[in-house]
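Peer 1: By UniProt numbering, the letter at position 74 of the sequence shown is numbered 74, and the numbering carries on one by one without gaps.
The beta-carbon is built from N, C-alpha and C at its ideal position, and this holds for glycine as well.
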Amino acid sequence: MKNAWRFLTSPTGRYSVLALVVVGIIIGVALVFTGHKTMELTGTTEFCTSCHTMKQPLEEYKQSIHFTNASGVRAECVDCHMPQDFAGQMERKLQAANDVYEQYIGKSIDTPELYEEQRLHMAQTVWARMEENDSSGCRSCHSYEAMDHSKQPVQAAKQMLEAAKSDQTCISCHKGVAHKMPDMSGGYRKSFKKLEKLAAKPADAEILYALTEMPLFKTESAKKEAGKLLPATEVKVLESKGDMLKVEVQGWKEKSGRGRVLTQEAGKRIFAATLKGSFSRKVEVLETTQIGDKNKEWQKVSSKAWIRNENLLPELKPIWDYTDELYKASCSECHGAPDINHFSSTEWIAQLKGMMGFVDLDKREERTLLKYLQTHASDSANGSQNH
Numbered sequence: 001m002k003n004a005w006r007f008l009t010s011p012t013g014r015y016s017v018l019a020l021v022v023v024g025i026i027i028g029v030a031l032v033f034t035g036h037k038t039m040e041l042t043g044t045t046e047f048c049t050s051c052h053t054m055k056q057p058l059e060e061y062k063q064s065i066h067f068t069n070a071s072g073v074r075a076e077c078v079d080c081h082m083p084q085d086f087a088g089q090m091e092r093k094l095q096a097a098n099d100v101y102e103q104y105i106g107k108s109i110d111t112p113e114l115y116e117e118q119r120l121h122m123a124q125t126v127w128a129r130m131e132e133n134d135s136s137g138c139r140s141c142h143s144y145e146a147m148d149h150s151k152q153p154v155q156a157a158k159q160m161l162e163a164a165k166s167d168q169t170c171i172s173c174h175k176g177v178a179h180k181m182p183d184m185s186g187g188y189r190k191s192f193k194k195l196e197k198l199a200a201k202p203a204d205a206e207i208l209y210a211l212t213e214m215p216l217f218k219t220e221s222a223k224k225e226a227g228k229l230l231p232a233t234e235v236k237v238l239e240s241k242g243d244m245l246k247v248e249v250q251g252w253k254e255k256s257g258r259g260r261v262l263t264q265e266a267g268k269r270i271f272a273a274t275l276k277g278s279f280s281r282k283v284e285v286l287e288t289t290q291i292g293d294k295n296k297e298w299q300k301v302s303s304k305a306w307i308r309n310e311n312l313l314p315e316l317k318p319i320w321d322y323t324d325e326l327y328k329a330s331c332s333e334c335h336g337a338p339d340i341n342h343f344s345s346t347e348w349i350a351q352l353k354g355m356m357g358f359v360d361l362d363k364r365e366e367r368t369l370l371k372y373l374q375t376h377a378s379d380s381a382n383g384s385q386n387h
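Have a look at this one:
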């Protein structure tokens, strides 16, 4: 002990080791205290909303149940936007510096108009962050175990019980609880415009996919319609004349029916094309199969028609990527969007029909979305691969 004490108190240069240790401890404590106070002060709602661009979300927050409610419990900015772990808090502080940069230097959100333009992007960034940390801010106050479902509205209790089974994260359903929801159509409609630009160029590939609904014609003169090609349907190019393409469309039809509707798969209402009158009878039968308990006969057929060389893409994936964006944006405004293979191709028809009263989709968007959901449904070829 004497040797140890002598080592600590003996001078090394100008100062003893003990003096250096004491000074180090003091500096360490000062740094910890300063860091703690800095985190505390920069975590207040007053600090978070001190920038003028935060005045708008502040007013929205004041109108929410997180600001005023029957129990008098208020969730401050930090409660929702700051992770609970220290590493996550430090990372979030560094990320928040980007907001300051965008206001004062980047000038991308420093006016109400610019803020609205960026609202969707900012919201999606926050949602993704909360998905990643499993809504840790929400869970610091809320837990499935503490909920009394008898005090919840019937529909809310039903959805909460379903969510609890899979421990679903809060933000997947509760977007827009403290701030105004952004215009969700902004993202996917921009994506569609990009696809339109790509499809505006004449396509040059043997296999093409329809970006939107397109008329089929009997001849290259494009005077008499033979039917319609539905979105995301594959065609094989047989011939090209000017701005017209002769294509082959394959699909399934019920043998005993009139054969005016071609489906993507036998026995499923996933529509590929519609054919008019006598043209529907000018098809080549490729194969026959029996479907269902009653052994209904279905025929795979090939139909040849002409289409304009427009609104066609050489790959299906970009169309599905856009439609997936459309689905997630439209179907998560009121609740969590279920997995696309959660329902069968027939069930998706009813599910989507019931949702149309709550979203603002045009007919093209609705039909493309239905085709996407049915193609990836639990009973479709693509959907079964996902199980």
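1. Report buried or exposed for residue 387, applying the criterion of at least 16 other Cβ atoms within 10 angstroms of its Cβ.
2. Roughly how many angstroms lie between the CA atoms of residue 193 and residue 199, to the nearest whole one?
3. For residue 208, which beta-bridge partners are listed by DSSP?
4. For residue 364, count neighbouring Cβ atoms within 10 angstroms of its own Cβ and tell me buried if that reaches 16, exposed if not.
5. Leaving aside the five residues before and after residue 290 along the sequence, list all residues of the same chain whose C-beta is less than 8 Å from its C-beta, in chain order.
6. Would you identify the three-state DSSP class for residue 84, choosing helix, strand or coil?
7. Report the option in 64, 77, 53 whose CA atom is closest to the CA atom of residue 41.
8. Mind reading off the beta-carbon distance from residue 405 to residue 281? Whole number of angstroms is fine, and I expect it under 8 Å.
9. Might you give, ordered along the chain, the residues of its own chain that have their beta carbon closer than 6 Å to the beta carbon of residue 266, omitting 5 neighbours on each side?
10. Span of the beta strand (DSSP E) holding residue 215?
11. Given that a residue counts as buried once 16 or more other Cβ atoms are within 10 Å of its Cβ, and exposed if not, what is residue 376?
12. Can you tell me the Cα-Cα spacing of residue 70 and residue 272, whole angstroms?
13. Mind checking which residues open and close the alpha helix (DSSP H) that includes residue 154?
14. Apply the 10 Å Cβ neighbour rule to residue 369 and answer buried if 16 or more other Cβ atoms are within range, or exposed otherwise.
15. Just to confirm before moving on: does the CB-CB distance between residue 345 and residue 373 stay below 9 Å?
16. Fully enclosed by the segment 47-124, which alpha helix (DSSP H) runs are 4 residues long or longer?
17. Kindly list the residues whose CB is nearer than 6 Å to the CB of residue 205, restricted to its own chain and excluding five residues on each side of it in sequence; keep chain order.
18. Taking the alpha-carbon positions, what's the residue 81 to residue 113 distance?
19. Since residue 219 contacts residue 306 with CB under 8 Å, what's their CB separation in whole angstroms?
20. Can you give me the Cβ contacts of residue 379 inside the same chain, cut-off strictly under 6 Å, excluding the 5 residues immediately before and after it?
21. Less than 9 Å between the beta carbons of residue 309 and residue 245, yes or no?
22. Near residue 355, which residues of its chain fall below 7 Å by C-beta distance, leaving aside the five closest residues on each side in sequence?
23. Among 33, 127, 366, 214, which residue has its Cα nearest to the Cα of residue 225?
24. Tell me whether residue 179 is buried or exposed, calling it buried when 16 or more other Cβ atoms sit within 10 Å of its Cβ.
25. Here's the rule: buried if 16 or more other CB atoms are within 10 angstroms of the residue's CB, otherwise exposed. What is residue 104?
26. Pick out whichever of 132, 161, 124, 154 has its Cα sitting closest to the Cα of residue 388.
27. Kindly indicate which residue of 79, 270, 64 has the alpha-carbon position closest to the one of residue 48.
28. For residue 119, count neighbouring Cβ atoms within 10 angstroms of its own Cβ and tell me buried if that reaches 16, exposed if not.
29. Taking DSSP as the reference, what is the three-state secondary structure of residue 357?
30. So, helix, strand or coil for residue 260, using DSSP?
31. What did DSSP end up calling residue 287 once you bin it into helix, strand or coil?
32. Taking C-beta to C-beta, are residue 247 and residue 235 nearer than 9 Å?
33. Do you know how far the Cα of residue 318 is from the Cα of residue 366?
34. Enumerate in chain order the residues of its own chain whose CB-to-CB distance from residue 207 is below 8 Å, with the five nearest sequence positions on each side excluded.
35. In whole angstroms, what separates the C-alpha of residue 22 from that of residue 33?
36. Ignore the nearest five residues each way along the sequence and tell me which others in residue 164's own chain have a CB closer than 6 Å to its CB.
Peer 2: Working from what's here:
1. Sequence index remark: in the sequence shown, residue 387 carries index 387 (1-based). Its pLDDT being 43, under 50, residue 387 is placed unreliably in this model, and the value from its coordinates should be taken loosely. It is exposed - the Cβ of residue 387 has fewer than 16 other Cβ atoms within 10 Å.
2. Counted from its first residue, the sequence shown places residue 193 at position 193. Counted from its first residue, the sequence shown places residue 199 at position 199. Going by the C-alpha atoms only, they are around 10 Å apart.
3. Translated into positions along the sequence shown, residue 208 becomes position 208. According to DSSP, which records beta bridges pairwise, residue 208 is partnered with 235.
4. Counting from one through the sequence shown, the residue named residue 364 turns up at place 364. With fewer than 16 other Cβ atoms within 10 Å, it is exposed.
5. The count along the sequence shown starts at 1 and reaches residue 290 at position 290. Only 296, 297, 298 meet the Cβ criterion.
6. Counted from its first residue, the sequence shown places residue 84 at position 84. The answer is coil: DSSP assigns residue 84 none of H, G, I, E or B.
7. In the sequence shown, counting from the first residue as 1, residue 41 sits at position 41. Minimum Cα distance to residue 41 is reached at 77.
8. Residue 405 lies beyond the stretch modelled for the chain, which goes from 1 to 387, so this question has no answer here.
9. Taking the sequence shown and counting its residues from 1, one reaches residue 266 at position 266. Cβ within range, chain order: 252, 289, 291, 298.
10. In the sequence shown, residue 215 corresponds to position 215, counting from 1. From DSSP, the beta strand (DSSP E) with residue 215 extends over 214-217.
11. Along the sequence shown, read from residue 1 onward, the residue named residue 376 stands at position 376. Answer is buried; the Cβ neighbour count reaches 16.
12. Residue 70 sits at position 70 when you count from the first residue of the sequence shown. Residue 272 sits at position 272 when you count from the first residue of the sequence shown. When rounded, the distance between both Cα atoms is 54 Å.
13. Mapped onto the sequence shown, residue 154 falls at position 154. Residues 154-165.
14. In the sequence shown, counting from the first residue as 1, residue 369 sits at position 369. Buried is the call here.
15. As a first step, residue 345 is located in the sequence shown; it is residue number 345 there, counting from the start. As a first step, residue 373 is located in the sequence shown; it is residue number 373 there, counting from the start. Contact: yes.
16. 55-62, 77-81, 86-104
17. Locating residue 205 in the sequence shown gives position 205, where the first residue counts as 1. Counting only Cβ-Cβ distances below 6 Å, and skipping sequence neighbours, we find 314.
18. Start at 1 with the first residue of the sequence shown, and residue 81 comes out as number 81. Start at 1 with the first residue of the sequence shown, and residue 113 comes out as number 113. If I take the Cα positions, the gap works out to 24 Å.
19. Within the sequence shown, residue 219 is the residue found at index 219, counting from 1. Within the sequence shown, residue 306 is the residue found at index 306, counting from 1. Indeed, because the Cβ distance is near 6 Å, the residues count as touching under 8 Å.
20. Against the sequence shown, residue 379 aligns to sequence position 379. Hits under 6 Å: 344, 345.
21. Stepping through the sequence shown from its first residue, residue 309 is reached at position 309. Stepping through the sequence shown from its first residue, residue 245 is reached at position 245. Cβ atoms of residue 309 and residue 245: closer than 9 Å.
22. Mapped onto the sequence shown, residue 355 falls at position 355. Taken in chain order, the residues that qualify are 331.
23. For the purposes of this step, residue 225 is taken as the residue at position 225 of the sequence shown. That would be 214, whose Cα lies nearest to the Cα of residue 225.
24. Residue numbering aside, residue 179 sits at position 179 when the sequence shown is read from its first letter. It counts as buried.
25. To locate residue 104, count along the sequence shown from 1; it is residue 104. Residue 104 should be labelled exposed.
26. Nothing about residue 388 can be reported from this structure: the residues present for the chain run from 1 to 387 only.
27. For the purposes of this step, residue 48 is taken as the residue at position 48 of the sequence shown. With distances taken between Cα atoms, residue 48 lies closest to 79.
28. By 1-based counting over the sequence shown, the position of residue 119 is 119. Residue 119 should be labelled buried.
29. Within the sequence shown, residue 357 is the residue found at index 357, counting from 1. Helix.
30. Mapped onto the sequence shown, residue 260 falls at position 260. Three-state DSSP puts residue 260 in coil, outside helix and strand.
31. One-based indexing of the sequence shown puts residue 287 at position 287. In the structure shown, residue 287 sits in a strand (DSSP, three-state: E or B).
32. Within the sequence shown, residue 247 is the residue found at index 247, counting from 1. Within the sequence shown, residue 235 is the residue found at index 235, counting from 1. Yes, Cβ-Cβ distance for residue 247 and residue 235 is below 9 Å.
33. Your numbering for residue 366 matches position 366 in the sequence shown. Your numbering for residue 318 matches position 318 in the sequence shown. Cα-Cα distance, rounded: 17 Å.
34. On the sequence shown, residue 207 is found 207 positions in, with the first residue counted as 1. For residue 207, where only same-chain residues beyond five positions count, the Cβ hits under 8 Å are 234, 235, 236, 237, 314.
35. If you number the sequence shown from 1, residue 22 lands on position 22. If you number the sequence shown from 1, residue 33 lands on position 33. Taking the straight line from one Cα to the other gives about 16 Å.
36. As a working note, residue 164 is residue 164 in the sequence shown. For residue 164, where only same-chain residues beyond five positions count, the Cβ hits under 6 Å are 144.
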